[in-house]
Every structure is written in C-alpha cells, then in structure tokens.
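Single-structure report; data block below.
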Amino acid sequence: MRAITMSRKTEARYIFAACLFLFFFVPLATSDNTCLDCHSALDAPLQVTADEFNANIHAQKGLTCASCHGGNPNSADDAMNPKAGFRGHIDRKRVPELCGSCHADAAYMRQYNPSLRTDQLAQYHTSVHGQKLKSGDSRVAVCTDCHSVHNIRPASDPHSTVNPLNVATTCSRCHADQNYMKPYGLKTTQFADYKQSVHYQAMTERGDLSAPTCTTCHGNHGAAPPGVASVQNVCSTCHVFQAQLFEDSPHKTAFASAGLPGCVTCHSNHVIHRPNDDMVSTGAKSICTDCHTADDAGLTAAKAINGHLLDLQSRIERSKQILDRASQSGMEVSQPQLDLNQAEDALTKARVAVHNFRPDKVAKEAAAGQTVTDKTYQAGVSALRERNYRRMGLGISLLVIGATVIGLRFWIREIEN
Amino acid sequence: MSPAAHIQTWLDERFGWAELIHPLEKKTVPHHRLSYWYFLGGMTLFLFMVQVTTGILLLLYYRPSANEAFESVQYISTQVRFGWLVRSIHSWSANLMIFTAFLHMFSVLFLRAYRKPRELTWLSGVLALFLALGFGFSGYLLPWNTLAFFATKVGTEVAGQVPLIGPWIMMFLRGGPDVTGATLTRFFGFHVAVLPGIMTILLSLHVLLVQRFGISVPPSVEKQWAYFPTERQEMKFFPNFLLREVMAWYVALAVLAVLAAVFPWGLGTKADPFAPAPAGIKPEWYFLFAFQTLKLIPAKIFAIDGELIGVLAFGLAGLVWILLPFIEPKRHANGYRAVLALGLFAVLYISSMTVYGFIAK
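So the protein sequences, as listed, match chains X and G.
For the first sequence, the positions run 78 to 494 when our numbering is used.
For the second sequence, the positions run 5 to 365 when our numbering is used.
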C-alpha cells in the first residue's frame with residue numbers, strides 16, 4: 078500500500094500540472110462553432126461531423142451554421158435562442174427561397190464566384206419540381222435533395238452529388254424508386270436505360286465529362302421533360318449537323334404530322350445505343366421497317382443508303398488489311414495509313430448525311446471516301462509488289478554471294494594445294 | 005606484258021611498290037584450332053566500312069533539323085531509289101558492328117591476346133568500342149522519332165548524374181536544358197564529323213599495332229607448340245588469310261542483306277516534345293544492361309542518390325576495363341585467372357541483364 082500512496086509533495090505537483098494544462102490548453106480546445114461541439118456528438122439525422130462541415134464549400138468560404146439556421150454559434154446560450162434569430166430545422170418548402178436568398182443575389186455572389194450563375198431559383202420556379210412544390214407537394218426535389226445538406230461541394234468536385242459523373246445516380250435516388258414515383262405515374266427505368274446508352278459509356282468509360290447526363294437534356298434547376306416538339310432542339314445542342322440535315326428531310330414533316338418526336342423515334346431517349354449501318358436497311362435490325370412497308374419509296378431509299386455505307390466500309394477494311402500486311406512486312410506505308418483516316422472521315426460524314434434520308438446525299442459523301450480508299454489500296458498493292466521485288470532481289474543477291482563464297486573456297490583450296 | 009603488270013611496273017618505278025608490299029607478302033598468320041576468332045576483328049572493320057559508305061549515301065538526302073529530319077528519313081525510305089536499302093543496311097550494320105566488336109573484345113580477353121606487348125592494342129580497341137557506342141547513341145536520335153527522342157532524353161539525363169561535371173555534360177550534349185532541335189544538330193555533328201575523325205585515328209592506330217606485333221597465339225596453343233614444334237602452322241596473310249577474311253565479309257554481307265530486306269528498319273512516329281513519354285520505353289539493346297541496372301538500383305543508398313552510385317560504378321568499371329592489361333596480377337603465375345573471372349562475370353552480367361531488360365516491363 079505504501080508503494081502506491083502519494084506523498085503530499087507529489088500530490089501537490091500533480092494538481093499544479095493539471096491546473097497548468099487546464100489554464101493553457103482547454104481555452105484553445107474550445108471551438109468558435111458551438112453548434113458542431115454538440116451536433117458532431119449527436120446521432121443522425123441531427124449529426125453533422127467536423128469533417129463533413131469542413132468539406133462543405135460554404136464553410137470553406139467562411140459561412141457558418143448560423144448563415145442558414147440563424148442563432149449565435151459563438152455563444153452556447155444564444156446558439157439556439159429564437160431571440161438571436163435561430164430558425165432551427167428548415168422546412169423543405171422554404172429551402173429554395175433560403176438558398177436563393179444568397180444564390181439569386183448577383184451582388185452577393187460576385188464576392189465569392191463572379192462567374193457563378195444566379196438564376197437557379199428563377200429556373201427552379203419554372204421546373205416541374207418547383208411548380209409541384211408551389212402547389213403544395215413537398216415530396217419533390219428541392220436544392221438540398223440534389224446538392225446534399227451539410228456536405229455541399231462544388232459541381233467540379235468528383236465527390237459532389239452534382240458532379241457530371243454522379244448526376245444520374247443522384248436523380249435515380251428518386252426517379253428509379255418505384256414507390257416514390259408511384260403517385261406521379263412516372264416510369265422508373267430511365268436510369269437502368271441510361272446505363273446501357275452510348276452517352277453513359279462516353280461518360281464513365283472514356284471519362285468524357287461533357288457527355289450527356291440527365292441534366293444535359295432535361296435541364297438542372299429548370300428540370301422538365303422535353304416536349305415532342307423540342308426533342309430535336311435538345312439533341313441538336315450537340316448533334317448540330319444531324320439536326321440541320323433532319324430539318325431538311327422528308328421525315329421532318331412526316332414525323333410532325335404523326336406526332337412523333339424527332340430523334341427519339343429512331344434512337345430512343347434514355348437507352349440510346351451506338352448507331353449502326355443496319356439501322357437504315359431492309360434487314361431484321363432495320364428501324365425503317367417500323368413505319369415503312371416492303372418496297373415503298375422509304376425502304377428503297379434505306380436500301381440504297383445502306384448499300385453506299387456498306388460499300389465504303391468494305392473498301393476501308395480492304396485498304397486497312399492490305400496496308401497492315403505491307404506494314405507487317407516492314408514496308409513503310411505510314412502515309413497511306415494516315416490518308417485512310419480521310420476515308421474514315423468520309424464514312425462518318427456519310428453516316429451523318431443519313432439524317433437527310435436522301436440516297437444521293439449519302440452517295441456524294443461516300444464517293445469522297447471511295448477516292449481515298451482506291452488510292453490507299455493501290456498504295457498497299459504497290460508496297461506488297463515492292464516487298465516481293467525486294468525479296469526476289471535478296472534471293473538473287475544471296476545466290477551471287479553464295480557462289481562467290483564457294484568460288485573463294487575453291488580458290489583457297491587451289492592455292493593451298 | 006599484261007595491263008596489270010604494266011600498272012605494277014609503272015607504280016614500282018615511281019613509288020617503289022614492290023618494296024611497299026614486300027612485308028605483306030612475307031606476313032604470316034598463326035593457324036590453329038582457334039584461328040576463326042581472328043576473323044571477328046576484320047568483320048567489325050568491314051561493317052565499319054559499310055557504315056561509312058551507307059552513311060555518306062544517307063547524307064545526300066538527310067536534313068539535320070527538328071522540322072525536316074523525320075520527313076527526310078521518310079523520304080529516303082519511301083521515295084529515294086534503294087533509299088530503304090541503304091538506310092536499313094546502315095541501321096542493321098551499326099547493330100551488327102557493335103555485336104561483332106563485343107565478340108571480338110571478349111575473344112581477345114579469353115584468348116589472352118591483350119598480354120604484353122599488346123596492351124596498347126587492347127586500349128585502342130576498347131576505346132574504339134566505346135566510340136562505336138557513341139556512334140550508336142548519336143545516330144539513334146537522327147531520324148527524330150518518338151523512341152529516339154525519349155531515349156536521348158533519358159540517356160542525357162544519366163550523363164547529367166556524373167558528379168560535378170554532369171550538369172555541364174548534359175547541357176553540352178543537349179545544347180540547352182532540354183532535348184530540342186539544337187540537340188539534333190549537335191548529335192548530327194558528333195555522328196558525321198567528330199566521332200568519325202576520332203574513330204579513323206583510333207582504328208588506324210589499332211590496325212597499325214596489329215601489324216606491328218602480329219596476331220597473338222593463345223597460351224594453350226603456344227604451350228602445345230612448345231611441346232610439339234612440328235605442329236606449329238603459319239598461314240600466309242596474302243592471299244590465304246585475306247581470302248578467308250573476304251569470305252567472312254561475304255557472309256556478313258549476306259546476313260546484312262537478309263536483315264535489311266526481310267526486316268527493313270522501321271521509322272516510328274515523328275517526335276513530339278510536348279507528348280508524354282511512351283510507356284515501357286527502352287534504349288537500344290547495347291545500352292539495355294546499363295539501363296536495367298540503373299532501374300534496379302534503389303533511389304537512395306545510405307542517403308546517397310542511387311543513380312549517382314550506378315553512374316559512378318559504371319564509370320569505374322569502364323576505367324578498369326580499359327586498363328585491364330595493366331592491372332592484371334603478374335606476381336603469381338595464375339594471376340591472369342582473376343582477369344578471366346572478371347571477363348566471365350562481365351559476359352554473364354551483360355547478357356543476363358540484357359535479357360532481363362528485354363523481358364521487364
């Protein structure tokens with residue numbers, strides 16, 4: 078017992094050290110944000126961790142909890158005092174107006190990010206979400222549903238819920254939920270469809286952040302389904318030439334009179350696959366046959382268009398194969414291989430010209446490619462002919478060298494004999 | 005009198021031709037079971053002559069600037085009549101020359117031909133091999149393709165690791181802080197003017213020394229001949245040995261022809277200084293063992309930069325190699341075994357690291 082009993086002197090030393098610690102370190106350990114002191118220790122949904130708060134773009138710009146919730150975070154007494162302006166939990170219906178109180182104020186936002194748009198609130202009011210909220214439906218998305226609440230990051234941050242890579246997942250949280258969408262009578266397959274699309278592949282496999290996601294076609298703050306009449310305008314923001322050609326095509330008026338949306342009729346909307354030449358044909362994979370019957374003018378045109386495309390494609394393939402063979406034989410054919418890109422470009426242009434649905438237009442573009450493929454194929458033939466000529470030359474040279482070596486051997490033998 | 009005899013008489017009356025070629029007529033070469041190793045030196049010389057000839061032909065069309073070099077080599081390979089053949093032979097012959105030079109050097113080492121009085125022959129030969137590597141390094145950049153560009157970048161960076169003067173050497177080689185058109189211009193200068201000048205002097209000295217001291221006989225054969233003097237055989241240099249040498253040259257020519265016609269030397273893509281280095285970039289095979297060694301050395305060894313230690317080690321090894329005949333232990337009768345062991349180690353090390361370098365990613 079004696080061994081663990083402190084002497085009075087030792088006891089006094091410990092008490093002094095404890096006082097020193099409390100005097101110097103405890104004031105430093107107390108934060109200015111009394112909200113976090115408690116809320117970081119609370120359970121969800123009241124929990125806000127320091128990490129979460131510090132990653133928030135608002136906190137990084139110097140805003141505090143009080144900026145949205147009111148109160149005085151510097152004082153534990155006034156932190157949640159209504160007299161100090163404490164608003165507590167923000168009602169969903171008030172969220173857009175609260176966010177808009179800063180984000181719609183151009184003068185205020187300029188100090189943080191002069192290039193940031195300030196029309197989000199105005200756009201939201203035009204959106205299906207905003208209009209439903211106005212009519213009393215508080216289940217629709219408000220700012221915090223997409224941008225998150227306490228973990229708001231700029232859209233350029235890959236961890237942000239509104240980063241192009243994450244937008245579709247964010248939208249799918251509601252739009253892929255059958256129960257949640259039931260009252261609205263909306264389909265919930267959009268996200269699954271989009272994941273099969275060429276747009277999703279471009280975004281996730283190629284890492285092309287400019288590839289379309291939900292907001293690209295539907296708008297973000299002003300989100301609404303594009304109407305039948307405006308689908309073509311939505312697609313044409315990227316596919317400019319296709320839209321121009323379609324505008325001048327016989328399908329423009331035909332679709333309009335049948336009430337069919339432009340691009341979507343052939344390409345679908347969310348599950349847009351990579352188009353292929355068989356789509357415009359008379360075969361089993363043809364989409365022309367959805368409307369056209371056998372041997373009508375439409376299918377005759379489709380057959381001709383498909384013929385032009387397949388012909389150019391096979392010519393390109395033929396040139397590629399012969400140039401590859403020449404290259405593998407060590408022949409220098411980099412220039413015709415480079416020239417062949419022009420034929421690929423012509424094929425792309427011919428495929429774009431399909432949207433005019435006139436065989437002569439496609440034929441004109443394909444003809445430019447055929448001229449190139451004829452030249453490159455000839456270059457391949459010449460290269461292989463040159464290779465054979467070289468090998469024949471080699472054979473003759475080896476015969477001459479061999480004969481000389483044998484002759485020398487005989488000469489040496491003759492001398493030495 | 006035949007026209008040849010007529011010319012001989014004409015030359016004899018003016019320059020004393022008969023007197024000049026008299027030593028050649030009397031010159032003999034030892035003839036024994038290991039004589040075929042003697043052909044490697046001559047074969048290397050033949051390939052060097054091929055290099056000079058094809059190099060001069062390439063000079064007719066090659067343009068040494070960053071804007072034109074690649075296009076001019078492309079033009080040579082595709083448009084100039086037999087340009088592809090000349091370029092292909094130049095590239096393959098360069099590689100074969102370095103290969104036969106290595107074989108020649110190791111055969112000299114293992115047959116102990118470097119012994120007194122042939123120390124200077126060894127010295128001039130090793131220096132000529134180092135110079136041939138310099139030819140390879142400087143010539144590799146000249147087509148100005150992607151691989152050459154980045155190999156030069158890495159190679160000159162290694163040179164920059166030499167203590168004290170490294171940064172200066174790197175600046176001197178590159179003609180600035182980076183590999184640019186200025187580097188190409190000076191590599192062209194080294195390749196077609198500086199190195200050939202030095203090489204001509206070195207090779208002349210080397211051949212002169214070979215003529216002065218004659219061809220060495222391996223100790224095992226010497227011993228055999230000492231016991232059985234009747235077995236000693238000599239072959240006349242002219243025409244017996246020379247005709248055999250010409251046969252070896254023809255064989256080398258046939259190998260060159262096959263390589264050039266069946267595997268024409270590629271051109272690659274034009275160098276883009278702003279493009280990232282291609283993955284898995286490697287130097288030419290004769291630098292691969294050194295490159296792989298430097299890759300394997302840890303970044304720091306006892307707080308000293310690993311690459312610096314590697315460069316110093318290779319510098320020291322090169323110096324030891326040049327001075328090998330002078331540092332062979334001579335007090336003990338079996339002192340030469342240390343040199344042979346060193347040679348064997350070098351062969352194993354270079355070949356295994358080269359293979360490893362080819363396999364490694």
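Glycine residues also receive a C-beta, built at the ideal position from the N, C-alpha and C atoms.
Every value quoted in this text rests on a predicted model; they were computed, and no experiment measured them.
Practice problem: Compute the distance between the beta-carbons of residue 347 (chain G) and residue 113 (chain G), then report whether it is under 8 Å. | Solution: Working through the second sequence from its first residue, we reach residue 347 (chain G) at position 343. Working through the second sequence from its first residue, we reach residue 113 (chain G) at position 109. Yes.
Quiz item: Whose C-beta lies closer than 7 Å to the C-beta of residue 237 (chain X) among residues of the same chain, with five residues either side of it excluded?
Solution: On the first sequence, residue 237 (chain X) is found 160 positions in, with the first residue counted as 1. Cβ-Cβ distances below 7 Å link residue 237 (chain X) to 230, 231 and 243 in the same chain, with the five nearest sequence neighbours on each side left out; the list follows chain order.
Exercise. Would you verify that the beta carbon of residue 453 (chain X) is, or is not, closer than 8 Å to some beta carbon of chain G?
Key: Locating residue 453 (chain X) in the first sequence gives position 376, where the first residue counts as 1. Judged by the 8 Å Cβ criterion, residue 453 (chain X) is not in contact with chain G.
Exercise. Please check if any C-beta of chain G sits within less than 8 Å of the C-beta of residue 283 (chain X).
Key: Here the question's residue 283 (chain X) lines up with position 206 in the first sequence. The Cβ of residue 283 (chain X) sits no closer than 8 Å to any Cβ of chain G.
Quiz item: Exposed or buried, which one is residue 283 (chain X) when buried takes at least 16 other CB atoms within 10 Å?
Solution: The residue you call residue 283 (chain X) lines up with position 206 of the first sequence. Sixteen is the threshold: since fewer than 16 other Cβ atoms of the shown chains lie within 10 Å of the Cβ of residue 283 (chain X), the residue is exposed.
Quiz item: What's the gap between the Cα of residue 105 (chain X) and the Cα of residue 114 (chain X)?
Solution: Numbered from its first residue, the first sequence carries residue 105 (chain X) at position 28. Numbered from its first residue, the first sequence carries residue 114 (chain X) at position 37. Low confidence applies to residue 105 (chain X): its pLDDT is 43, below 50, so where it sits in the model is not reliable, and the reading given next is rough at best. The straight-line gap from Cα to Cα measures roughly 14 Å.
Practice problem: Enumerate in chain order the residues of its own chain whose CB-to-CB distance from residue 123 (chain X) is below 7 Å, with the five nearest sequence positions on each side excluded. | Solution: Within the first sequence, the letter at position 46 stands for residue 123 (chain X). 116, listed in sequence order.
Exercise. Starting from residue 492 (chain X), find everything on chain G with Cβ-Cβ shorter than 8 Å and list it in chain order.
Key: The residue you call residue 492 (chain X) lines up with position 415 of the first sequence. Per Cβ cutoff of 8 Å: 243, 244 and 247.
Exercise. Starting from residue 257 (chain G), find everything on chain X with Cβ-Cβ shorter than 7 Å and list it in chain order.
Key: Residue numbering aside, residue 257 (chain G) sits at position 253 when the second sequence is read from its first letter. The contacting residues are 478.
Exercise. Tell me, please, whether the CB atom of residue 95 (chain G) is closer than 8 Å to any CB atom in chain X?
Key: To locate residue 95 (chain G), count along the second sequence from 1; it is residue 91. No, because no Cβ of chain X sits closer than 8 Å to the Cβ of residue 95 (chain G).
Quiz prompt | Sequence-distant residues of the same chain with beta carbon closer than 7 Å to residue 67 (chain G), five excluded per side | solution = Reading the second sequence from its first residue, position 63 is the one you call residue 67 (chain G). Here residue 67 (chain G) has 73 and 76 as same chain residues with Cβ atoms under 7 Å from its own Cβ, once five neighbours each way along the sequence are excluded.
Quiz item: From this set, X:420, X:482 and X:408, which residue's C-alpha is nearest residue 467 (chain X)'s C-alpha?
Solution: As a first step, residue 467 (chain X) must be located in the first sequence, where it is residue number 390. Checked all of X:420, X:482 and X:408; the closest Cα to residue 467 (chain X) is X:408.
Quiz item: How big is the Cα-Cα spacing for residue 141 (chain X) and residue 110 (chain X)?
Solution: As a working note, residue 141 (chain X) is residue 64 in the first sequence. As a working note, residue 110 (chain X) is residue 33 in the first sequence. Distance from the CA atom of residue 141 (chain X) to the CA atom of residue 110 (chain X), rounded to whole angstroms, is 8 Å.
Quiz item: For residue 419 (chain X), which residues from the same chain have a beta carbon less than 6 Å from its beta carbon, with the 5 sequence-adjacent residues on both sides left out?
Solution: In the first sequence, residue 419 (chain X) corresponds to position 342, counting from 1. So the list reads 449, once near-sequence residues are dropped.
Quiz item: If you count every other CB in all the chains shown that lies within 10 Å of the CB of residue 336 (chain G), and 16 or more means buried, which is it?
Solution: In the second sequence, residue 336 (chain G) corresponds to position 332, counting from 1. Result: exposed.
Quiz item: What is the C-beta distance between residue 354 (chain X) and residue 387 (chain X), in whole angstroms, given that I count them as a contact (C-beta under 8 Å)?
Solution: Against the first sequence, residue 354 (chain X) aligns to sequence position 277. Against the first sequence, residue 387 (chain X) aligns to sequence position 310. The distance from the Cβ of residue 354 (chain X) to that of residue 387 (chain X) is about 6 Å, consistent with a contact at the 8 Å cut-off.
Exercise. Report yes if the CB atom of residue 353 (chain G) is closer than 8 Å to the CB atom of residue 293 (chain G), and no otherwise.
Key: Numbered from 1 along the second sequence, position 349 holds the residue referred to as residue 353 (chain G). Numbered from 1 along the second sequence, position 289 holds the residue referred to as residue 293 (chain G). At the C-beta level, residue 353 (chain G) and residue 293 (chain G) come within 8 Å of one another.
Self-check item: Near-chain G residues of the region 391-425 of chain X - C-beta to any C-beta below 8 Å
Solution: Answer in chain order: 407, 408, 409, 411 and 412.
Exercise. Specify the secondary structure class of residue 78 (chain X) as computed by DSSP and reduced to three states.
Key: Stepping through the first sequence from its first residue, residue 78 (chain X) is reached at position 1. Any answer about residue 78 (chain X) is weak, because its pLDDT of 35 lies below 50 and its placement is not dependable; what the coordinates show is given next. Look at residue 78 (chain X) here: in three-state DSSP terms it is coil, with no helix or strand label.
Quiz item: If you run the structure through DSSP and keep just helix, strand and coil, what is residue 221 (chain G)?
Solution: Here residue 221 (chain G) refers to the residue found at position 217 of the second sequence. In the three-state reduction of the DSSP assignment, residue 221 (chain G) falls in the coil class, being assigned neither a helical nor a strand state.
Exercise. Mind the definition here: the region 30-49 of chain G touches the region 230-244 of chain G only if three or more C-beta pairs lie below 8 Å; say whether that holds.
Key: These segments touch.
Exercise. Using the Cα positions of residue 484 (chain X) and residue 491 (chain X), report the straight-line distance between them to the nearest angstrom.
Key: For this step, residue 484 (chain X) is matched to residue 407 along the first sequence. For this step, residue 491 (chain X) is matched to residue 414 along the first sequence. In this structure, the alpha-carbon of residue 484 (chain X) lies about 10 Å from that of residue 491 (chain X).
Quiz item: Near residue 348 (chain X), what residues of its chain come up, given a Cβ to Cβ distance below 6 Å and the 5 sequence neighbours on each side ignored?
Solution: The sequence position of residue 348 (chain X) within the first sequence is 271, counting from 1. Cβ within range, chain order: 270, 273 and 274.
Practice problem: Give a yes or no on contact between the region 400-414 of chain X and the region 423-435 of chain X, applying the rule of three or more CB pairs nearer than 8 Å. | Solution: No contact exists between the region 400-414 of chain X and the region 423-435 of chain X.
Self-check item: Contacting residues, own chain, Cβ-Cβ under 6 Å from residue 250 (chain X) (five flanking each side not counted)
Solution: As a first step, residue 250 (chain X) must be located in the first sequence, where it is residue number 173. For residue 250 (chain X), where only same-chain residues beyond five positions count, there are no Cβ hits under 6 Å.
Exercise. Measure the alpha-carbon distance for residue 263 (chain X) versus residue 426 (chain X) and round it to whole angstroms.
Key: Reading the first sequence from its first residue, position 186 is the one you call residue 263 (chain X). Reading the first sequence from its first residue, position 349 is the one you call residue 426 (chain X). Residue 263 (chain X) and residue 426 (chain X) have their alpha carbons spaced roughly 38 Å apart.
Quiz prompt | Alpha carbon of residue 200 (chain G) to alpha carbon of residue 446 (chain X), nearest angstrom | solution = Taking the first residue of the second sequence as 1, we reach residue 200 (chain G) at position 196. Taking the first residue of the first sequence as 1, we reach residue 446 (chain X) at position 369. Note on geometry: alpha-carbon atoms of residue 200 (chain G) and residue 446 (chain X) lie some 50 Å from one another.
Quiz prompt | For residue 357 (chain G), three-class secondary structure by DSSP | solution = Numbered from its first residue, the second sequence carries residue 357 (chain G) at position 353. In the structure shown, residue 357 (chain G) sits in a helix (DSSP, three-state: H, G or I).
Quiz item: For residue 132 (chain G), which of G:344, G:333, G:58 and G:210 has the nearest alpha-carbon?
Solution: Along the second sequence, one-based indexing puts residue 132 (chain G) at 128. Among G:344, G:333, G:58 and G:210, the Cα nearest to that of residue 132 (chain G) belongs to G:210.
Exercise. Going by CA-CA distance only, name the one from X:469, X:125 and X:175 that's closest to residue 219 (chain X).
Key: To locate residue 219 (chain X), count along the first sequence from 1; it is residue 142. The residue with the shortest Cα to Cα distance from residue 219 (chain X) is X:175.
Exercise. Determine, using beta carbons only, whether residue 267 (chain G) comes closer than 8 Å to chain C.
Key: No chain C appears in this structure, whose protein chains are X and G.
Quiz item: If you measure from the beta carbon of residue 194 (chain X) to each beta carbon in chain G, is any gap under 8 Å?
Solution: Looking up residue 194 (chain X) in the first sequence gives position 117. Residue 194 (chain X) does not count as touching chain G.
Quiz item: Helix, strand or coil: which one does DSSP assign to residue 205 (chain G)?
Solution: Within the second sequence, residue 205 (chain G) is the residue found at index 201, counting from 1. Here residue 205 (chain G) carries a helix assignment [DSSP, helix/strand/coil].
Quiz item: How many whole angstroms separate the CB atoms of residue 101 (chain G) and residue 136 (chain G), which I take to be in contact at a CB cut-off of 8 Å?
Solution: As a position in the second sequence, residue 101 (chain G) is number 97, starting the count at 1. As a position in the second sequence, residue 136 (chain G) is number 132, starting the count at 1. Under the criterion of beta carbons closer than 8 Å, residue 101 (chain G) and residue 136 (chain G) qualify as touching, at roughly 6 Å.
Quiz item: Excluding sequence positions up to five away, which residues of its chain have a Cβ less than 7 Å from the Cβ of residue 309 (chain X)?
Solution: Numbered from its first residue, the first sequence carries residue 309 (chain X) at position 232. So the list reads 320, 323, 339 and 340, once near-sequence residues are dropped.
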